[in-house]
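Taking it in order: structure first as structure tokens, then the write-up.
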Amino acid sequence: MSHFPAHLLSMDDLDADAIGEVLRVADSFAEVGRRANPKVPALRGRTVATLFFEDSTRTRMSFETAAKRMSADVLSFSAGSSSVKKGESLRDTIETIQAIGMDAVIIRHSSSGVPARVAEWVDHCAVVNAGDGWHQHPTQALLDLYTVRQSLGGGQEGTDRFDGLRVTIVGDIRHSRVARSQITAYAALGAEVTLVAPATLLPPSLDGWPIAAVSHDLDAVLGATDVISLLRLQAERGSGAYVPTMREYSAGYALTARRALQLPPEAIILHPGPMVRGVEIASEVAELPSARITDQVGNGVAVRMAVLFLLLGQGSLDGAAA
Amino acid sequence: MSAPHELVIRGGTVVDASGERRADVRVVDGEVVEVAEGLEAPGSATVLDAGGCVVAPGLVDLHTHLREPGREEAETVESGTRAAALGGFTAVVAMPNTDPPLDSAESVRNVYALAQGAMAQVAVAGAITVGRAGERLAPMAELAALGVHLFTDDGDGVQSAGLMRRALQYATGLGVVLGQHCEDRSLAAGGTMHEGAWSSRLGLPGMPSEAEEVMVARDIALARATGGRVHFLHLSTAGSIDLVRRARAGGVPVTAEVAPHHFTLTDGYASGYDPVFKVNPPLRPQDDVDAVKAALVDGTADAIATDHAPHAPELKDLPFDQAPPGMLGLQTALALAVTELDLPLARILALLSWQPAVIAGLDPAGGGTQGGTVATGSVANLCVVDPTATWTVDPTALASRSRNTPYAGRTLTGRVRHTVLAGEPVVIDAEAQR
Amino acid sequence: MSADDVRRAVTRMAHEIAERNRGLHDVVLVGLQTGGVGIARRLAETLAEVEGADVPVGTLDVAFYRDDIGLRPVLPEAATDITADLTGATVVLVDDVLFTGRTIRAALNALGEYGRAQVVELAVMVDRGHRELPIRPDYVGKNLPTSRDEMVDVSDDGVSLGELVNR
Numbered sequence: 328m329s330h331f332p333a334h335l336l337s338m339d340d341l342d343a344d345a346i347g348e349v350l351r352v353a354d355s356f357a358e359v360g361r362r363a364n365p366k367v368p369a370l371r372g373r374t375v376a377t378l379f380f381e382d383s384t385r386t387r388m389s390f391e392t393a394a395k396r397m398s399a400d401v402l403s404f405s406a407g408s409s410s411v412k413k414g415e416s417l418r419d420t421i422e423t424i425q426a427i428g429m430d431a432v433i434i435r436h437s438s439s440g441v442p443a444r445v446a447e448w449v450d451h452c453a454v455v456n457a458g459d460g461w462h463q464h465p466t467q468a469l470l471d472l473y474t475v476r477q478s479l480g481g482g483q484e485g486t487d488r489f490d491g492l493r494v495t496i497v498g499d500i501r502h503s504r505v506a507r508s509q510i511t512a513y514a515a516l517g518a519e520v521t522l523v524a525p526a527t528l529l530p531p532s533l534d535g536w537p538i539a540a541v542s543h544d545l546d547a548v549l550g551a552t553d554v555i556s557l558l559r560l561q562a563e564r565g566s567g568a569y570v571p572t573m574r575e576y577s578a579g580y581a582l583t584a585r586r587a588l589q590l591p592p593e594a595i596i597l598h599p600g601p602m603v604r605g606v607e608i609a610s611e612v613a614e615l616p617s618a619r620i621t622d623q624v625g626n627g628v629a630v631r632m633a634v635l636f637l638l639l640g641q642g643s644l645d646g647a648a649a
Numbered sequence: 004m005s006a007p008h009e010l011v012i013r014g015g016t017v018v019d020a021s022g023e024r025r026a027d028v029r030v031v032d033g034e035v036v037e038v039a040e041g042l043e044a045p046g047s048a049t050v051l052d053a054g055g056c057v058v059a060p061g062l063v064d065l066h067t068h069l070r071e072p073g074r075e076e077a078e079t080v081e082s083g084t085r086a087a088a089l090g091g092f093t094a095v096v097a098m099p100n101t102d103p104p105l106d107s108a109e110s111v112r113n114v115y116a117l118a119q120g121a122m123a124q125v126a127v128a129g130a131i132t133v134g135r136a137g138e139r140l141a142p143m144a145e146l147a148a149l150g151v152h153l154f155t156d157d158g159d160g161v162q163s164a165g166l167m168r169r170a171l172q173y174a175t176g177l178g179v180v181l182g183q184h185c186e187d188r189s190l191a192a193g194g195t196m197h198e199g200a201w202s203s204r205l206g207l208p209g210m211p212s213e214a215e216e217v218m219v220a221r222d223i224a225l226a227r228a229t230g231g232r233v234h235f236l237h238l239s240t241a242g243s244i245d246l247v248r249r250a251r252a253g254g255v256p257v258t259a260e261v262a263p264h265h266f267t268l269t270d271g272y273a274s275g276y277d278p279v280f281k282v283n284p285p286l287r288p289q290d291d292v293d294a295v296k297a298a299l300v301d302g303t304a305d306a307i308a309t310d311h312a313p314h315a316p317e318l319k320d321l322p323f324d325q326a327p328p329g330m331l332g333l334q335t336a337l338a339l340a341v342t343e344l345d346l347p348l349a350r351i352l353a354l355l356s357w358q359p360a361v362i363a364g365l366d367p368a369g370g371g372t373q374g375g376t377v378a379t380g381s382v383a384n385l386c387v388v389d390p391t392a393t394w395t396v397d398p399t400a401l402a403s404r405s406r407n408t409p410y411a412g413r414t415l416t417g418r419v420r421h422t423v424l425a426g427e428p429v430v431i432d433a434e435a436q437r
Numbered sequence: 528m529s530a531d532d533v534r535r536a537v538t539r540m541a542h543e544i545a546e547r548n549r550g551l552h553d554v555v556l557v558g559l560q561t562g563g564v565g566i567a568r569r570l571a572e573t574l575a576e577v578e579g580a581d582v583p584v585g586t587l588d589v590a591f592y593r594d595d596i597g598l599r600p601v602l603p604e605a606a607t608d609i610t611a612d613l614t615g616a617t618v619v620l621v622d623d624v625l626f627t628g629r630t631i632r633a634a635l636n637a638l639g640e641y642g643r644a645q646v647v648e649l650a651v652m653v654d655r656g657h658r659e660l661p662i663r664p665d666y667v668g669k670n671l672p673t674s675r676d677e678m679v680d681v682s683d684d685g686v687s688l689g690e691l692v693n694r
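Chains as they are written, first to last, in the numbering used here: chain B, 328 to 649; chain S, 4 to 437; chain R, 528 to 694.
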């Protein structure tokens, strides 16, 4: 068993063994989720805070549900609330939270690097990155891996089948924290990742990125794809300025019904949500059985439970905190 | 506190533009009166021990942000000049991006008044445009009459080529120098660090090298066309340096400064998202750092200027993209040059003292008292430097009101032992005297 | 214990279970991960051979119910798999070694999530003593006094004792 890191800030923090561990432990939590009373006492007495500077009801609820299902106490701070008002510095907020006594803080922020800085300021508190700027969104990538593994048969066999798996990530990679996390995650398990985007929506440099190929032509790669992961054009992060029109973007990069037919029969379609039907994915394609979008959401809670359990449940008797 | 009647600096080696010689220096009423070996010191004289040290003209910083008026929580003229003196500087050029900006005779006079009795001479850089807004020319003639020699909108570059051309033409009539902070806003917009491999990995918007280079190229062309004098502030990319090198070879007399952080740090330092490494122009990759060093060796860069930019600690605690850019520099510049550059001390002193003095118009030929040589008749603006002393940078021990140095914990070689301002020892044994 | 000893113990315990629970119709065997799972399956096979009864077998991982989470590394071995509703059932918990009793206490808490059992009994291959909680087994393969530092290893090939390397 590899040593799980003290914080989950980035997919770079996890090697293949650690990823495998998250997926395996998530299986156990998925079983918990199927019970009539989906609750275990695993984190009873622990306190988990969610600190969402960017609105996201879905992700926040997913994390809070995960924590509550493990009997942890949950405190939530969100951008609109008085405790996170403008003017009170991030550092002050963190110090207040620490003074109250948190075992874990789950942070989403529009600025890259905030979870990393918070991790430097806290003591005996695990920091989980729920999305920072364009940088990383590790639990999203983990739940995508879980969803794909489920489709590949689950268990260790499912994990092994990532080796050589052809994954295509389409969309605004430049501004996407989900893409950055996904690329690291899939590559760590041996998959071959191809990026498809207009040139202006690729990062300025792909130096050192663990990808197999880059293409501007979605149609050319569809036939050789086992998993296609669609990204949303991030209007709130300014992606719109990088393409002439949404129509032109969709013409080139949307997964239309026609394109979906070009996928191999066993291919899986993923989208981190929320979907903008008609832009990156056609409505009818989102309803295809090969589109695992609803599974992704359901799996999110189990995967987040696994992450919290691995961060908080791995103490040692000599007192060294996880 | 005023200058002692007589001051003798003993046991050092005098280094200036004319060369290097073992000599003591006698200063009477603020003026160097004798430079020779084995000088006697009468009992009433203040004696400064310069054993093992170099005695040179005081350093001159072409680029300091004193923050006063408007941002006194970060720095004041008093605290900034104290830091300058401790760094061996006897003069600094104060940048105009204060609040209100230095674009009027009144604001310039105000800074001169604040600098009365400061621990270094404060020259003022006036703004090129009113409010530094890049729309209308500031009253440069009026400011020049007050002694302003260098004009810049620093913090920003003048975005309009047309306006810059007009400013240069106007400047030729006044004999002043226009300094440019080269940053094309449409290319740099939103950037928080160098655009490249690191920014892509870190998910931070970047400023590409060309944001600086297009303006360097533009202003070289404008300087060539108008005959105006352009000085490039804090050049940071290999491309910029190459443009300046070729311009000079082609006979266009532009000058250029580089900042210590651009020859000692790379963009990878931002990988922990610590805003202490956020600066404008941003830290660049190793190739650019190497080009900056080469520019110092081959003379393409005429000066090292600190771009001392204090910011209150709570601002540097903001997320990386929200924090203001800027680093402290006055107390570390000399030591960084000694430690990191493969250059003789005499060359380093030229880059930090007599060459910038000329660009700033503060040298004797320009009617000033800075730089020049340590010779009988010159005003005693001197620094005494121990080139082998090592020390470790401690942000809490610096004289600045702010703490944003990227060198915390770094051990450097080269330390200022004494600084003499117009005959007054303002720093003795590395301690400020007031 | 040798492999034969283990086999005989399984047979004996199966008979005891059948004897105590006439008819076996409400009995569910639940093997604790990981040591109890194999034994539970072998008990079920034996009960099928000897009594002709088809006793359901579930597996239970108690990781999330342990009282030492956060004190030492705790990981589930496998997902719990209990398909039957345990309400009204006679659950026979099966584990390889009974030691402090904390695992069984966790198992009792976990079991509660699957229905309100009528009766819960405990079958273990080895009782090594050193109880820290008031837990007692109903069916024991062998009582094996040990020191706290020893490790007990149970498999189809037998039971052996070893030195504990680290805890």
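All residues carry an ideal CB built from backbone N, CA and C; glycine is no exception.
For clarity, every value in this text was computed on a predicted model and none was experimentally measured.
At least three beta-carbon pairs within less than 8 Å, the stretch 339-355 of chain S to the stretch 69-85 of chain S: no
Test: A647 of chain B CB closer than 8 Å to a CB of chain R: Note on A647 of chain B: pLDDT 45, under 50, position unreliable in the model; the coordinate value appears next. No, A647 of chain B does not count as interfacial toward chain R.
Beta carbon of M652 of chain R nearer than 8 Å to that of V686 of chain R: yes
Nearest-angstrom beta carbon gap, G15 of chain S and V58 of chain S [assumed within contact, 8 Å]: 4 Å
Rounded C-alpha distance that separates L225 of chain S from L117 of chain S: 36 Å
Min CB distance R418 of chain B to chain S below 8 Å: yes
Secondary structure of T276 of chain S, DSSP reduced to three states: For clarity, residue 276 of chain S is Tyr in the given sequence; the question names Thr instead. Three-state DSSP puts Y276 of chain S in coil, outside helix and strand.
DSSP state of L62 of chain S mapped onto helix, strand, coil: strand
Cutoff 8 Å: M328 of chain B Cβ touching any chain S Cβ: Unreliable positioning characterises M328 of chain B in this predicted model, as indicated by a pLDDT of 46, which lies under 50. The coordinate reading is nonetheless provided below. Chain S, which has no Cβ nearer than 8 Å to the Cβ of M328 of chain B, makes this no.
Three or more C-beta pairs below 8 Å linking the stretch 203-211 of chain S and the stretch 243-258 of chain S: no
Option in B:D339, B:S337 and B:V359 with minimal Cα separation from A633 of chain B: B:V359
Minimum Cβ-Cβ distance from V454 of chain B to chain S less than 8 Å: no
Residue of S:H234, S:L42, S:T414 and S:T408 minimising C-alpha distance to P278 of chain S: S:T408
Closer than 8 Å at the beta carbon, the chain B residues around Q325 of chain S: S438
Boundaries (first-last residue) of the alpha helix (DSSP H) holding D553 of chain R: D553 of chain R -> no alpha helix (DSSP H), and no H or E assigned at all.
Assigned exposure category for N626 of chain B - 16 Cβ within 10 Å defines buried: buried
Buried versus exposed call for E37 of chain S [16 or more other C-beta atoms within 10 Å across all chains shown]: exposed
Beta bridge counterpart(s) of T374 of chain B as assigned by DSSP: B:D400
Range of the contiguous alpha helix (DSSP H) that encloses L190 of chain S: R188 to A191
Amino acids of chain B, ordered along the chain, whose beta-carbon sits closer than 8 Å to that of D676 of chain R: Near D676 of chain R there are no residues of chain B at all, since even the closest Cβ is about 15 Å away, more than 8 Å.
Cβ neighbour criterion (16 or more within 10 Å) applied to T586 of chain R: buried
Complete runs of the beta strand (DSSP E) confined to the stretch 497-574 of chain B [at least 3 residues]: 519-523, 540-542 and 554-557
Alpha-carbon spacing of L417 of chain B relative to D320 of chain S, whole angstroms: 8 Å
Near-chain B residues of the stretch 232-265 of chain S - C-beta to any C-beta below 8 Å: none
Backbone CA spacing between V35 of chain S and G426 of chain S [nearest angstrom]: 8 Å
N- and C-terminal bounds of the alpha helix (DSSP H) containing L10 of chain S: No alpha helix (DSSP H) holds L10 of chain S; the beta strand (DSSP E) holding it covers E9 to R13.
4-residue-minimum alpha helix (DSSP H) runs that sit fully inside the stretch 94-135 of chain S, ordered along the chain: 108-117
Closer than 8 Å at the beta carbon, the chain S residues around A443 of chain B: G275 and Y276
8 Å Cβ cutoff, E484 of chain B in contact with chain R: no
Euclidean distance between Cα positions of V125 of chain S and S438 of chain B: 38 Å
For Y410 of chain S, the first and last residue of its enclosing alpha helix (DSSP H): Y410 of chain S -> no alpha helix (DSSP H), and no H or E assigned at all.
Best match in S:E40, S:T101, S:R13 and S:R24 for proximity to H314 of chain S [C-alpha to C-alpha]: S:T101
Neighbour flag for N626 of chain B against chain R, beta carbons, 8 Å: no
Interface flag, S542 of chain B vs chain S, CB-CB below 8 Å: no
Segment contact, 8 Å Cβ cut-off, at least three pairs: the stretch 274-293 of chain S with the stretch 372-383 of chain S: no
Sequence-distant residues of its chain with Cβ nearer than 7 Å to A648 of chain B (five each side left out): Low confidence applies here, because A648 of chain B scores a pLDDT of 43, under 50, leaving its location unreliable; read the following figure in that light. So the qualifying residues of the chain are H451 and G642.
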